[in-house]
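Residue numbers (the numbering used here), protein chains in the order written: chain B, 667 to 792; chain R, 24 to 276.
Glycine residues also receive a C-beta, built at the ideal position from the N, C-alpha and C atoms.
Here is the structure:
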């Protein structure tokens with residue numbers, strides 16, 4: 667894992683907080699920031715980038731709301747252990763499994779309504 | 024003492040950037056580098072020096088001031104320790120000034136996405152050492168003939184300690200052309216400047232006490248025996264921390 671860097675260019679049209687959000691998200695997706703990695707404090711990052719602390723706090727807040735980062739109390743902000751990209755992958759695998767299951771039941775002659783009502787009943791029983 | 028300070032002033036006049044320049048922090052590290060790394064280092068240092076851009080006349084002004092203070096001390100118009108404290112303070116102010124100039128100069132800024140602690144540049148041992156040096160200096164203020172000098176040196180040590188801390192917590196100054204190397208260079212400059220300032224903070228009290236203990240009354244016997252040793256030890260400790268940092272290999276992520 668190589669050390670990632672953030673660049674904020676005051677000459678760009680994209681607002682600084684959006685530049686921070688995009689670059690942190692990209693660093694996580696690339697794997698440059700591993701799950702659980704600590705991030706700089708709001709104050710440190712704002713000082714390094716020469717922007718207002720509120721701008722960094724807003725970017726961190728947005729990334730936390732999206733599930734990319736987690737606030738860890740006094741230990742600061744970290745990359746989330748369970749990333750949104752993994753949640754999407756889990757949903758995709760569930761969808762694929764459900765589609766295969768439904769197709770196999772359809773081959774055995776069950777109608778979509780019968781499958782849905784039986785799945786609902788099974789879900790409610792559990 | 025006056026001759027030493029005058030020599031320092033002459034040095035600053037002849038080579039105005041020898042005390043404010045950053046190349047000195049990399050002389051030892053550069054010996055362990057490959058040709059390609061040295062080339063990268065030269066590029067990064069040149070860009071940084073351009074961005075910090077402390078004009079050479081600052082160094083020359085400092086040289087003139089230092090020589091003037093040495094002259095004043097020579098004609099015994101001021102206590103010998105005051106020029107020493109003032110010179111230390113001026114050198115540290117120049118270190119801090121270069122950071123402030125850089126912050127205003129760079130439009131596009133780059134930041135490493137890793138947490139940083141000021142204690143890497145200024146370890147707690149050095150902070151405790153500076154506080155100890157300050158306490159030992161303030162004890163001397165209880166002796167009326169030395170009160171003014173002791174308070175002036177204590178004030179200089181306090182300001183130098185604050186400057187060292189400000190340098191340790193200062194933002195990373197990366198231009199983004201070669202961020203990995205710039206980050207390593209920035210870390211080394213921060214450590215070098217913070218620890219050099221800590222050395223300066225301990226220098227003036229050591230000079231003051233080494234002169235003052237000779238004229239103290241018998242009631243200060245314990246102080247006469249212990250204080251010079253404590254201050255010499257503090258000076259050596261800060262020097263060692265500074266020297267060790269300069270000898271360390273540069274780590275480029």
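If you count every other CB in all the chains shown that lies within 10 Å of the CB of residue i, and 16 or more means buried, which is it?
i, result
"residue 667(B)", "With a pLDDT of only 41 at residue 667(B), under 50, the local geometry of the prediction cannot be trusted, and no value is derived from it."
"residue 712(B)", "buried"
"residue 265(R)", "buried"
"residue 154(R)", "exposed"
"residue 96(R)", "buried"
"residue 205(R)", "buried"
"residue 172(R)", "buried"
"residue 71(R)", "buried"
"residue 686(B)", "buried"
"residue 222(R)", "buried"
"residue 697(B)", "exposed"
"residue 80(R)", "exposed"
"residue 285(R)", "This structure cannot speak to residue 285(R), because chain R is shown only from 24 to 276."
"residue 721(B)", "buried"
"residue 169(R)", "buried"
Do residue i and residue j have their CB atoms nearer than 7 Å?
i, j, result
"residue 133(R)", "residue 240(R)", "no"
"residue 208(R)", "residue 108(R)", "no"
"residue 670(B)", "residue 136(R)", "yes"
"residue 156(R)", "residue 228(R)", "yes"
"residue 52(R)", "residue 273(R)", "yes"
"residue 707(B)", "residue 733(B)", "no"
"residue 118(R)", "residue 77(R)", "no"
"residue 144(R)", "residue 191(R)", "yes"
"residue 672(B)", "residue 689(B)", "yes"
"residue 747(B)", "residue 702(B)", "yes"
"residue 185(R)", "residue 268(R)", "no"
"residue 115(R)", "residue 181(R)", "no"
"residue 150(R)", "residue 89(R)", "no"
"residue 724(B)", "residue 683(B)", "yes"
"residue 7(R)", "residue 163(R)", "Outside the shown range of chain R, which is 24 to 276, sits residue 7(R), and nothing can be said about it."
"residue 179(R)", "residue 112(R)", "yes"
"residue 35(R)", "residue 82(R)", "yes"
"residue 250(R)", "residue 159(R)", "yes"
"residue 45(R)", "residue 252(R)", "no"
"residue 92(R)", "residue 102(R)", "no"
"residue 692(B)", "residue 699(B)", "no"
"residue 674(B)", "residue 717(B)", "yes"
"residue 60(R)", "residue 124(R)", "no"
"residue 254(R)", "residue 232(R)", "yes"
"residue 152(R)", "residue 260(R)", "yes"
Cβ of residue i less than 7 Å from any chain B Cβ?
i, result
"residue 140(R)", "no"
"residue 133(R)", "yes"
"residue 217(R)", "no"
"residue 68(R)", "no"
"residue 195(R)", "yes"
"residue 202(R)", "yes"
"residue 198(R)", "no"
"residue 64(R)", "no"
"residue 119(R)", "no"
"residue 136(R)", "yes"
Per DSSP, residue i forms a beta bridge with which residues?
i, result
"residue 132(R)", "674(B)"
"residue 744(B)", "704(B) and 736(B)"
"residue 197(R)", "133(R)"
Counting only beta-carbon atoms, is residue i nearer than 7 Å to chain R?
i, result
"residue 674(B)", "yes"
"residue 667(B)", "With a pLDDT of 41 at residue 667(B), under the threshold of 50, the modelled position of this residue cannot be trusted; read the value that follows with caution. Not an interface residue."
"residue 671(B)", "yes"
"residue 711(B)", "yes"
"residue 706(B)", "yes"
Closer than 7 Å, Cβ to Cβ, to anything on chain D: give me those residues from the stretch 713-742 of chain B, in chain order. In the structure shown, chain D does not exist; the protein chains are B and R.
Please go through the stretch 132-177 of chain R and give each complete beta strand (DSSP E) segment of 3 or more residues, from N-terminal end onward. none
Complete alpha helix (DSSP H) runs within the stretch 57-104 of chain R (minimum length 4 residues, chain order): 58-75 and 79-97
Please list the segments of the beta strand (DSSP E) lying wholly inside the stretch 208-241 of chain R, counting only runs of 3 or more residues, in order along the chain. none
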